[in-house]
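Below: the structure, in structure tokens.
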Amino acid sequence: MLAVAEPCAPTIPSKALRDELEQRLGHGEIALPVLPDVAARVLALASREDCSLEDLTDVLRNDPSMAGRMLEIANSAAYSPKVRIVSLQQAVSRLGASTIRDIALVISCKSRVFKVRGATTKVREIFRHSVATAVVAQEIARTRRDSVEEAFVGGLLHDVGQPLLFQEIADIQEALQTTVDPLRESALVDELHAALGAKLAKRWKLPPRTMRAIRDHHDPGADGAACAISLADSIAHVFLTETDAGDLAQLPTVAALNLYPDDVGALLARRHAVLEAVQAYA
Ligand SMILES: [Fe+2]
Ligand SMILES: [Fe+2]
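Note that the working numbering has the sequence shown beginning at 38, numbered continuously upward.
This is the structure we're talking about:
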């Protein structure tokens, strides 16, 4: 449980908090979660050309809770099977290796990374935003004939530094018996999460392009995968907050990715499917 600071506990100045976080970040003192074994094996297997569906089913069978969740998701509206899927083998052959890989990664990350003691609502919102970004990033990659697998992983993990930092700040509060001003906390998380996310991507040995996409997704000069993640981030925000898409087509990321207004229109038309995916994983 997150220790609730005493009402009179002093507030830690934001510079002191930033210095502490930067020091922990720079010295590699922030504990990075380990990629669960099953997820690592599914990722490795599904990216191999000779991956057989039997191999994939065998790996998943070793983790009953993952297998159970996999079946639930395979039967959700997002994948709308015509006939109810009742076995893992059926799920794997119906959805295919790359979708199974995506689902395994989402399930693993949800339990390992998108978890902060005492901050359930906040982290749930980050998780929903991350799933939406992953699905939109995949659609953008399809439009641009880029790698949909990499786009999904990049989108899912682009803000992964956020829950890790919220956890770290909670630990600092607990250790120093201080409180942290929520607005300053959010500003610091905004500032530092991309760098921390990139460290996690490196630790998990994700492809360098994915690591760079996570690191640079707020960089206005970013191109390629990072720029696509940045656009997916903006569209996911519109979908989840039900705000008007407004002049989304005018975003610099749209021009940088050489997308046409019709492409943006087609992405925005995927809203329902994206929200169904978020619902399935949530
Ligand atoms: Fe971000
Ligand atoms: Fe984001």
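Cβ atoms here follow ideal geometry from the backbone N, Cα and C, with glycine treated the same way. All values reported here derive from a predicted model rather than from experimental measurement.
Is T215 helix, strand or coil by DSSP? Taking the sequence shown and counting its residues from 1, the one referred to as residue 215 is at position 178. Three-state result, T215: coil.
Answer yes if the stretch 155 to 170 comes into contact with the stretch 198 to 207, meaning at least three C-beta pairs across the two stretches below 8 angstroms, and no otherwise. yes
Buried or exposed, going by whether 16 or more other CB atoms sit within 10 Å of the CB of E162? Position 125 of the sequence shown holds residue 162. Looking at its Cβ environment, which holds fewer than 16 other Cβ atoms inside 10 Å, E162 is exposed.
So, for D300: in the same chain, excluding its five sequence neighbours on each side, which residues have a beta-carbon less than 7 angstroms away from its beta-carbon? Position 263 of the sequence shown holds residue 300. Result list for D300: T180, in chain order.
Chain-order list of residues whose beta-carbon lies under 8 angstroms from that of V96 (same chain, five-residue window excluded): For the purposes of this step, residue 96 is identified with residue 59 of the sequence shown, where counting begins at 1. Closer than 8 angstroms at the Cβ level, and outside the excluded window around V96, lie V75, R78, V79, L82.
Endpoints, alpha helix (DSSP H) assigned at V123: Residue numbering aside, residue 123 sits at position 86 when the sequence shown is read from its first letter. Note, V123: premise wrong, no alpha helix (DSSP H); not H, not E.
Quick one: what does DSSP say S223 is sitting in, helix, strand or coil? The sequence position of residue 223 within the sequence shown is 186, counting from 1. Looking at S223 - three-state DSSP - the assignment turns out to be helix.
Can you give the Cα-Cα distance for L304 and E176, rounded to whole angstroms? The count along the sequence shown starts at 1 and reaches residue 304 at position 267. The count along the sequence shown starts at 1 and reaches residue 176 at position 139. Taking the straight line joining both Cα atoms gives about 7 angstroms.
Start and end of the alpha helix (DSSP H) containing H309? What you label residue 309 is simply residue 272 of the sequence shown in a count that begins at 1. From DSSP, the alpha helix (DSSP H) with H309 extends over 308 to 318.
Can you tell me whether V143 is helix, strand or coil according to DSSP? One-based indexing of the sequence shown puts residue 143 at position 106. Here V143 sits in helix by DSSP.
State the Cα-Cα distance for the pair A169 and E57, rounded to the nearest angstrom. As a first step, residue 169 must be located in the sequence shown, where it is residue number 132. As a first step, residue 57 must be located in the sequence shown, where it is residue number 20. Answer to the nearest angstrom: the Cα atoms are 32 angstroms apart.
Distance cut-off 7 angstroms: A231 Cβ against heavy atoms of ligand 1: Mapped onto the sequence shown, residue 231 falls at position 194. A231: yes, Cβ under 7 angstroms from ligand 1.
Any contact between the stretch 260 to 270 and the stretch 283 to 298? By contact I mean 3 or more CB pairs, one from each, below 8 angstroms. yes
Report the residue from S89, L194, K152 whose alpha carbon sits nearest the alpha carbon of V129. For the purposes of this step, residue 129 is identified with residue 92 of the sequence shown, where counting begins at 1. The shortest Cα separation from V129 among S89, L194, K152 belongs to S89.
Please determine whether the Cβ atom of H274 lies at a distance below 7 angstroms from any heavy atom of ligand 1. Along the sequence shown, read from residue 1 onward, the residue named residue 274 stands at position 237. Result no, Cβ not under 7 angstroms from ligand 1.
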